[in-house]
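Number of protein chains: 2
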Amino acid sequence: MTVTEIAPTSAAALEDVLSAAHGAAAAWAQTPARVRAQALLAIADALDAAAEELIPLAQEETNLAPARLGGELKRTTFQLRLFAELLVDGGYLDARIDHADEAWPMGARPDIRRVLEPLGPVLVFAASNFPFAFSVLGGDSCSALAAGCPVVVKVHSGHPRLSAAVGRVATAALAAAGAPAGLLALIYGTQSGRDALLDPRIKAGAFTGSIPGGRALFDLANSRPDPIPFFGELGSVNPVFVMAEAAAARGAEIVDGFMASYTLGAGQFCTKPGILLVPAGSGMVQDLAAAARPAPALLLNERIQSGYVDALQELLEHPDVRPLGGTEDALAAPPAPSLAATTAAALLADPEALITECFGPAALVVAYENDGELLAVAEALDGQLTATIQGEDGDALAPELVRILAGKAGRVLWNQWPTGVSVTYAQQHGGPYPATTAPASTSVGTAGIARFLRPVAYQGLPAHLLPAALRDDNPLGIPQRVDGTLAL
Amino acid sequence: MTVTEIAPTSAAALEDVLSAAHGAAAAWAQTPARVRAQALLAIADALDAAAEELIPLAQEETNLAPARLGGELKRTTFQLRLFAELLVDGGYLDARIDHADEAWPMGARPDIRRVLEPLGPVLVFAASNFPFAFSVLGGDSCSALAAGCPVVVKVHSGHPRLSAAVGRVATAALAAAGAPAGLLALIYGTQSGRDALLDPRIKAGAFTGSIPGGRALFDLANSRPDPIPFFGELGSVNPVFVMAEAAAARGAEIVDGFMASYTLGAGQFCTKPGILLVPAGSGMVQDLAAAARPAPALLLNERIQSGYVDALQELLEHPDVRPLGGTEDALAAPPAPSLAATTAAALLADPEALITECFGPAALVVAYENDGELLAVAEALDGQLTATIQGEDGDALAPELVRILAGKAGRVLWNQWPTGVSVTYAQQHGGPYPATTAPASTSVGTAGIARFLRPVAYQGLPAHLLPAALRDDNPLGIPQRVDGTLAL
Numbered sequence: 002m003t004v005t006e007i008a009p010t011s012a013a014a015l016e017d018v019l020s021a022a023h024g025a026a027a028a029w030a031q032t033p034a035r036v037r038a039q040a041l042l043a044i045a046d047a048l049d050a051a052a053e054e055l056i057p058l059a060q061e062e063t064n065l066a067p068a069r070l071g072g073e074l075k076r077t078t079f080q081l082r083l084f085a086e087l088l089v090d091g092g093y094l095d096a097r098i099d100h101a102d103e104a105w106p107m108g109a110r111p112d113i114r115r116v117l118e119p120l121g122p123v124l125v126f127a128a129s130n131f132p133f134a135f136s137v138l139g140g141d142s143c144s145a146l147a148a149g150c151p152v153v154v155k156v157h158s159g160h161p162r163l164s165a166a167v168g169r170v171a172t173a174a175l176a177a178a179g180a181p182a183g184l185l186a187l188i189y190g191t192q193s194g195r196d197a198l199l200d201p202r203i204k205a206g207a208f209t210g211s212i213p214g215g216r217a218l219f220d221l222a223n224s225r226p227d228p229i230p231f232f233g234e235l236g237s238v239n240p241v242f243v244m245a246e247a248a249a250a251r252g253a254e255i256v257d258g259f260m261a262s263y264t265l266g267a268g269q270f271c272t273k274p275g276i277l278l279v280p281a282g283s284g285m286v287q288d289l290a291a292a293a294r295p296a297p298a299l300l301l302n303e304r305i306q307s308g309y310v311d312a313l314q315e316l317l318e319h320p321d322v323r324p325l326g327g328t329e330d331a332l333a334a335p336p337a338p339s340l341a342a343t344t345a346a347a348l349l350a351d352p353e354a355l356i357t358e359c360f361g362p363a364a365l366v367v368a369y370e371n372d373g374e375l376l377a378v379a380e381a382l383d384g385q386l387t388a389t390i391q392g393e394d395g396d397a398l399a400p401e402l403v404r405i406l407a408g409k410a411g412r413v414l415w416n417q418w419p420t421g422v423s424v425t426y427a428q429q430h431g432g433p434y435p436a437t438t439a440p441a442s443t444s445v446g447t448a449g450i451a452r453f454l455r456p457v458a459y460q461g462l463p464a465h466l467l468p469a470a471l472r473d474d475n476p477l478g479i480p481q482r483v484d485g486t487l488a489l
Numbered sequence: 002m003t004v005t006e007i008a009p010t011s012a013a014a015l016e017d018v019l020s021a022a023h024g025a026a027a028a029w030a031q032t033p034a035r036v037r038a039q040a041l042l043a044i045a046d047a048l049d050a051a052a053e054e055l056i057p058l059a060q061e062e063t064n065l066a067p068a069r070l071g072g073e074l075k076r077t078t079f080q081l082r083l084f085a086e087l088l089v090d091g092g093y094l095d096a097r098i099d100h101a102d103e104a105w106p107m108g109a110r111p112d113i114r115r116v117l118e119p120l121g122p123v124l125v126f127a128a129s130n131f132p133f134a135f136s137v138l139g140g141d142s143c144s145a146l147a148a149g150c151p152v153v154v155k156v157h158s159g160h161p162r163l164s165a166a167v168g169r170v171a172t173a174a175l176a177a178a179g180a181p182a183g184l185l186a187l188i189y190g191t192q193s194g195r196d197a198l199l200d201p202r203i204k205a206g207a208f209t210g211s212i213p214g215g216r217a218l219f220d221l222a223n224s225r226p227d228p229i230p231f232f233g234e235l236g237s238v239n240p241v242f243v244m245a246e247a248a249a250a251r252g253a254e255i256v257d258g259f260m261a262s263y264t265l266g267a268g269q270f271c272t273k274p275g276i277l278l279v280p281a282g283s284g285m286v287q288d289l290a291a292a293a294r295p296a297p298a299l300l301l302n303e304r305i306q307s308g309y310v311d312a313l314q315e316l317l318e319h320p321d322v323r324p325l326g327g328t329e330d331a332l333a334a335p336p337a338p339s340l341a342a343t344t345a346a347a348l349l350a351d352p353e354a355l356i357t358e359c360f361g362p363a364a365l366v367v368a369y370e371n372d373g374e375l376l377a378v379a380e381a382l383d384g385q386l387t388a389t390i391q392g393e394d395g396d397a398l399a400p401e402l403v404r405i406l407a408g409k410a411g412r413v414l415w416n417q418w419p420t421g422v423s424v425t426y427a428q429q430h431g432g433p434y435p436a437t438t439a440p441a442s443t444s445v446g447t448a449g450i451a452r453f454l455r456p457v458a459y460q461g462l463p464a465h466l467l468p469a470a471l472r473d474d475n476p477l478g479i480p481q482r483v484d485g486t487l488a489l
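Which chain is which? The protein sequence lines are V and Z, in order.
Residue numbering for the first sequence follows my numbering, starting at 2 and increasing by one per position.
Residue numbering for the second sequence follows my numbering, starting at 2 and increasing by one per position.
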């Protein structure tokens, strides 16, 4: 791995970036959605065309394999194209038209029309673990640009040269597509990120990373004289609940699926299943101890590797935790995938220490004695990105467990694995704190565009002053809710 | 006015309230939306039936006239009934179904379905100025109950006995409708409100009131180990821009409309137009000075009256502000409606002092010299609930002014007045900070329900474990977005 640092953005350069983003906001917001869609397609095409340059750079800076990086780039450009479709559909605008109505029961109502409009320049803090899909042109930037907002990306220090290259390709594509200058810019260094977050020209923040880092930025965004929305995706242990019937019916299959999921990408996924609950006495603990593990793999960078080793060591030093396999090489470099084991009773006695994210190829296996313990662990959880049930149809406990987990997690899975987050219309990648700082938002899927929009109502405006989305003749051909009834 | 204090809620009583709200959350969330709708209708009927008890109590505690209070109660019960309709419609759930698709371009996608679910117990801080519509069973409580959330109301100290009576009527109606115990409760006293906001069982806060009070609670909500969404509606000056053509064509009519709007309810509306921009030399300043004013009226209570007098006095002491009429009795009790005057140049030189809310029957008239000054004032605004244009069709400046104001305000009006906020599907009562702490939300209108919901995705669940809203057979008959396409 070779990471050449890029100098931090100077205060003068940051001022230029913010000034240009502010300057681009009005023009981009007024650019018709179909034209914004063309610009997203232009970026997607340009990134695909640059794959042969970008993937080796990404590999050099992140230790990730070319095949995985190729898939991630494909996901990234697919996402840009899907958001381009969304812009043409127009349903995301939530256009509402209430005509004036003398007979409105609370008293005559005026003509009021409401549509979602862009928030203004968005500051995106790139993540380390997906150098394409959650970085310079990842889901946050894609959502914000689609929404009509300029984007300033605070580059992740783990892959600065790749970021610069992606930024160069994308800004060239945007310029060729006629987008306003300053619409997308990159900044480098922790201080420039903090300074930008406090600048009044920035109207929202987005972040993917650790709980301490995300919380610090969330607090900073809220400390402003004019606080702004901050969409942080922080931490999650993504628990998996194996029910007794499932363990009996297909314990070995579940072990295989779990081993593959928690070690995928060397355990560096935000949806890595970090806790697996299995019935005590089912034999699954022994099967997990004996299961074959993939080879050791370098983590993204040395800082992440040392953080991982520290967290795992602390977990293993807990008096109620024992190594379950793989631990002989777990603290080496590169680390071998490893498991630790405890009981549900121990977990419930010390949830803060044991329900904790360990970013890397490790997980905690928790043996539970009965249904009561299983439900108690579910109730003890903090907010999660995902929660998974391995169960059998007709399990009497399942409805209650689904209900509890739906209150804790953004996504509840049944007999599947949480890693591999598909970009779709119904995807939800979020959850209550600390999974995110904004429980009503998602950072994956088309609904992510809503983060960077705010409603504006227009009362009594003549047609020529209304946004096209709100005209009675519906020139954009989008869904409109007219007098309370949705019309397509 | 007679306000008899009610003792602050004790720590033990608060614990009972929070415990009961937490206990009611699951049952209410699982109550079918149509049954929740019946409960809202039961509250509406019970409040209407209790009008003869409630309105005199409200009059005693707030100095507001019976006719106004009767209209407000009607608005409040209408709102409950409108939200009941919304629950039956089901569009607010934003139900999305993505079937599994092997051919999905980024790679095979699983079956994922997403719906909005209640956040959990909501703490509502009642407002002083609308003792029905923004208080115990006002828009915040109505939205939260409709969403499926228990509600704890921190009663406003200005109308405690009315609040207790409304609470008693509503809880009896809920009990008769079969709602879970603890679904709605009242607490009294500043400390109990702060304590409740910090309690982990409270999952969101809502507030209507002053900028300092709202900001303190917003900061408290964000200081929690697990920060929660806080929907605060704080302050707004609701500027009105009179364009030159309109001043020439119908200056006298605009003066009449403005006088009626800024003095409505003794100027104690959050949408009171507090700043009126008029063309210098148009004669409007003189017309405003000479206009007839309604009689002096008592404000809601002595604290509000003294706060108003202090704010107005400070404004009048500004070197660039002169009294324009009514000021001889403006600082008396009850205060006479009054106007002050300044210039756009002075306003732009000292916006912090001059663009400031003065809660009560006063407004600032600002003479501008040219279009450039008009646009500069628009650009200098903070976030607003409303911004109004008085213009003529075909005005060349209007499109630019609408665009700027849409970036500053939640609602933009044309040739109407901002007071009188209709409860409709397209209403937007919100705006960037300091108008609110959550620019994407509204506290009036059916879209207000979204504040108390969060998305949950279900991946791979068998039909019998899915929420009814997400089933392929659509038993609720609600709008569903299926594989990206909205179906009614």
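Built from N, CA and C at the ideal position, the CB exists for glycine as well.
Reference residue i; option with closest CA among the options
i, options, result
"Ala-148/Z", "Asn-239/Z, Ala-34/Z, Pro-226/Z", "Ala-34/Z"
"Leu-299/V", "Val-154/V, Phe-131/V, Arg-412/V, Leu-65/V", "Leu-65/V"
"Asp-484/V", "Ala-427/Z, Gly-233/Z, Val-445/Z, Ala-439/Z", "Ala-427/Z"
"Ala-59/V", "Gln-80/V, Leu-15/V, Arg-37/V, Thr-5/V", "Thr-5/V"
"Val-279/Z", "Tyr-309/Z, Ala-354/Z, Glu-374/Z, Phe-231/Z", "Glu-374/Z"
"Asp-257/V", "Glu-246/V, Ala-291/V, Ala-267/V", "Ala-291/V"
"Ile-229/Z", "Ala-104/V, Gly-384/V, Asp-474/V", "Gly-384/V"
"Gln-80/V", "Asp-17/V, Ala-104/V, Gly-140/V, Leu-120/V", "Gly-140/V"
"Asp-301/V", "Pro-111/V, Leu-317/V, Asn-223/V, Pro-335/V", "Reading off the sequence, residue 301/V comes out as Leu, not Asp. Comparing Cα positions, the closest option is Pro-335/V."
Assigned secondary structure, residue i (DSSP; H/G/I helix, E/B strand, else coil)
i, result
"Gln-385/Z", "strand"
"Ser-211/V", "coil"
"Ser-193/V", "helix"
"Thr-77/V", "helix"
"Trp-29/Z", "helix"
"Ala-261/V", "helix"
"Ala-458/V", "strand"
"Ala-350/Z", "helix"
"Phe-84/Z", "helix"
"Val-123/Z", "strand"
beta-carbon residue i near the ligand SAM non-hydrogen atom, thresh 8 Å
i, result
"Ala-267/Z", "In the structure shown, the ligand SAM is absent, as is every other ligand, since no ligand is present at all."
Identity of the residues DSSP links to residue i by a beta bridge
i, result
"Glu-234/V", "Thr-209/V, Thr-437/V"
"Gly-339/V", "Here residue 339/V turns out to be Ser, not Gly, going by the sequence shown. Its beta-bridge partners are Ala-363/V."
"Ala-97/Z", "According to the sequence displayed, residue 97/Z carries Arg and not Ala. Its beta-bridge partners are Arg-115/Z, Arg-482/Z."
"Tyr-369/Z", "Pro-280/Z"
"Asp-102/V", "Arg-110/V"
"Thr-344/V", "Ala-368/V"
"Ile-188/Z", "Lys-155/Z"
"Ile-390/V", "Phe-242/V, Trp-415/V"
Residue i burial status per 10 Å Cβ neighbour count (16 or more: buried)
i, result
"Gln-314/V", "exposed"
"Leu-489/Z", "exposed"
"Glu-73/V", "buried"
"Pro-106/V", "exposed"
*With a cut-off of 8 Å, do at least 3 Cβ pairs link the segment 100-119 of chain V to the segment 280-292 of chain V?*
no
*Okay, do the segment 21-37 of chain V and the segment 184-196 of chain V touch, 3+ Cβ pairs below 8 Å being the bar?*
yes
_I'd like to know if the segment 428-448 of chain Z and the segment 125-135 of chain V are in contact, where contact means that at least 3 CB-CB pairs between them fall below 8 Å._
no
*asked:* Closer than 8 Å is the cut-off here; do at least three beta carbon pairs connect the segment 155-171 of chain V with the segment 388-405 of chain V?
replied: no
*asked:* With three or more C-beta pairs closer than 8 Å as the rule, is the segment 240-258 of chain Z touching the segment 320-337 of chain Z?
replied: no
*Is it a yes or a no for the segment 91-99 of chain V touching the segment 456-471 of chain V, going by three-plus beta-carbon pairs under 8 Å?*
yes
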